[in-house]
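All residue numbers for the sequence shown refer to this note's numbering, where the first residue is 115 and numbers rise by one. Here's the structure, in structure tokens; my notes come after.
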Amino acid sequence: MGIIGFAWLLIFLGLYIIFYLIVPINIFPERTDYVSIFLNSLLKVASSATLAFLWIIIMIKLRDFYMKRKLSA
Numbered sequence: 115m116g117i118i119g120f121a122w123l124l125i126f127l128g129l130y131i132i133f134y135l136i137v138p139i140n141i142f143p144e145r146t147d148y149v150s151i152f153l154n155s156l157l158k159v160a161s162s163a164t165l166a167f168l169w170i171i172i173m174i175k176l177r178d179f180y181m182k183r184k185l186s187a
């Protein structure tokens, strides 16, 4: 599969997690006050930001691995 294939897999996996697992989260399903809506939205934003941060770290590690492999060859 290679490094580029793994990078594409990470992109699709990240999008799947955000749109099919994080977006439908509803911690307070019966509550419609502004505080509950805000906390629910804050949780979604924090979860997505954490996932994006992890994705960036993994992509940097992949880049370093790729460069190390290409320079040593």
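For every residue, glycine included, the Cβ atom is placed at its ideal position computed from N, Cα and C. Here the structure is a predicted model, which means the values were calculated and not measured.
Do residue i and residue j have their C-beta atoms closer together than 8 Å?
| i | j | result |
| --- | --- | --- |
| Trp169 | Gly128 | yes |
| Ile132 | Leu165 | yes |
| Leu156 | Ile141 | no |
| Ser161 | Ile136 | yes |
From residue i to residue j, what distance separates their C-alpha atoms?
| i | j | result |
| --- | --- | --- |
| Ile173 | Ala121 | Looking at the sequence shown, residue 173 is not Ile but Met. Straight-line Cα distance between these residues: approximately 7 Å. |
| Lys175 | Lys182 | 10 Å |
| Phe179 | Tyr134 | 30 Å |
| Phe167 | Glu144 | 31 Å |
Apart from the five residues just before and just after residue i, which ones in its own chain have a Cβ nearer than 6 Å to its Cβ?
| i | result |
| --- | --- |
| Leu185 | none |
For residue i, which option in the options has the closest C-alpha, if you only look at C-alpha atoms?
| i | options | result |
| --- | --- | --- |
| Val159 | Pro138, Leu123, Asp178 and Gly119 | Pro138 |
Quick one: residues in its chain with C-beta nearer than 8 Å to the C-beta of residue i, no 5 flanking neighbours on either side, listed in chain order?
| i | result |
| --- | --- |
| Asp147 | none |
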